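Everything below concerns the one structure shown next.
Residue numbers (this note's numbering): 10 to 290.
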């Protein structure tokens with residue numbers, strides 16, 4: 010867009026009256042500043058995950074969007090995929106019985122560079138803000154947000170979490186075990202276990218292409234899902250649908266969920282000893 014239309018920076022873009030919606034996909038630490046500028050310019054906004062650096066920034070953006078009656082959504086693209094939505098539907102249907110535990114992992118060895126957005130502390134680098142949203146999505150989508158969170162992890166010399174393990178606890182006794190790593194490959198699988206059966210994802214947990222559903226110990230069936238392109242089409246369709254219907258937030262990806270996620274991550278960072286420059290603002 011910038012090359013084709015001669016737009017040198019986002020301020021010029023925000024001043025363009027022909028622009029209705031802005032997609033913010035900069036490093037995490039820049040989200041608050043750019044989203045706030047876009048909202049103040051009267052633009053609807055789709056903002057990449059992690060929504061912000063912390064819950065304070067998230068709450069401020071949500072308040073501004075609501076005050077100005079503009080659409081705002083965190084771009085958790087996986088939440089809109091057919092396989093993901095079907096998994097949550099099965100869990101909610103009662104077919105698995107009472108869901109008692111969920112496991113999900115996502116990991117890959119990311120080449121280290123102090124200037125990479127994945128590793129740079131000033132950009133909000135680390136496994137937590139970049140990829141932990143995907144394992145968390147499986148827990149939240151099937152059990153909701155937890156009442157307790159226990160976190161362990163490895164913090165590198167730059168003060169960035171290279172990997173983490175989260176245990177979520179629920180008042181009714183359910184648990185979720187979630188792991189994220191920028192150091193090692195993992196199976197990238199998710200399991201939802203209930204009193205009557207289980208569900209497992211096939212393919213990476215952020216884009217499941219197949220679900221295996223079992224009753225007791227026996228596999229009952231498999232359900233396969235096609236994904237259009239790289240999978241981003243579905244969240245863009247939701248943005249379009251919501252704006253056309255005059256909605257200022259998505260019922261599938263509510264703003265309150267984004268605030269709760271950042272609040273949960275704030276708590277995890279407190280346990281791990283991870284802080285970012287934005288926290289001091």
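Positions of the beta carbon are idealized from the N, C-alpha and C atoms, including for glycine. All values reported here derive from a predicted model rather than from experimental measurement.
Sort the options by Cα distance to residue i and report the nearest one.
| i | options | result |
| --- | --- | --- |
| residue 270 | 290, 233, 153 | 153 |
| residue 140 | 259, 158, 218, 171 | 171 |
| residue 23 | 40, 36, 49, 38 | 49 |
| residue 240 | 92, 18, 81 | 92 |
| residue 354 | 101, 70, 212, 63 | Since the first residue of the chain shown is 10 and the last is 290, residue 354 is not available in this structure. |
| residue 85 | 281, 273, 286, 264 | 264 |
| residue 136 | 188, 18, 215 | 188 |
| residue 184 | 206, 246, 145, 19 | 145 |
| residue 63 | 134, 236, 156 | 134 |
| residue 80 | 283, 243, 250 | 250 |
| residue 272 | 245, 167, 158, 192 | 158 |
| residue 83 | 175, 245, 229, 282 | 245 |
| residue 218 | 206, 231, 42, 19 | 231 |
| residue 257 | 53, 174, 169, 28 | 53 |
| residue 103 | 286, 208, 281 | 208 |
| residue 35 | 27, 126, 160, 26 | 126 |
| residue 9 | 210, 254, 47 | No answer is possible for residue 9: the residues shown for the chain start at 10 and end at 290. |
| residue 290 | 61, 18, 29, 25 | 61 |
Quick check: the Cα distance between residue i and residue j, rounded to an integer number of angstroms?
| i | j | result |
| --- | --- | --- |
| residue 98 | residue 131 | 38 Å |
| residue 76 | residue 51 | 11 Å |
| residue 227 | residue 87 | 28 Å |
| residue 113 | residue 201 | 9 Å |
| residue 65 | residue 267 | 11 Å |
| residue 194 | residue 235 | 25 Å |
| residue 196 | residue 215 | 12 Å |
| residue 128 | residue 163 | 13 Å |
| residue 67 | residue 74 | 11 Å |
| residue 213 | residue 199 | 9 Å |
| residue 90 | residue 252 | 20 Å |
| residue 191 | residue 118 | 5 Å |
| residue 111 | residue 155 | 12 Å |
| residue 279 | residue 20 | 34 Å |
| residue 238 | residue 284 | 36 Å |
| residue 27 | residue 44 | 18 Å |
By DSSP's criteria, residue i is part of a beta bridge. Which residues make up the other side?
| i | result |
| --- | --- |
| residue 188 | 114, 174 |
| residue 82 | 55 |
| residue 141 | According to DSSP, which records beta bridges pairwise, residue 141 is partnered with nothing at all. |
| residue 160 | 175 |
| residue 30 | 53 |
| residue 108 | 203 |
Below 8 Å between beta carbons: does that hold for residue i and residue j?
| i | j | result |
| --- | --- | --- |
| residue 248 | residue 55 | yes |
| residue 37 | residue 59 | yes |
| residue 108 | residue 178 | no |
| residue 40 | residue 33 | yes |
| residue 277 | residue 115 | no |
| residue 220 | residue 95 | yes |
| residue 70 | residue 274 | no |
Please list the segments of the alpha helix (DSSP H) lying wholly inside the region 197 to 254, counting only runs of 4 or more residues, in order along the chain.
-> Counting only runs of 4 or more, we get 242 to 253.
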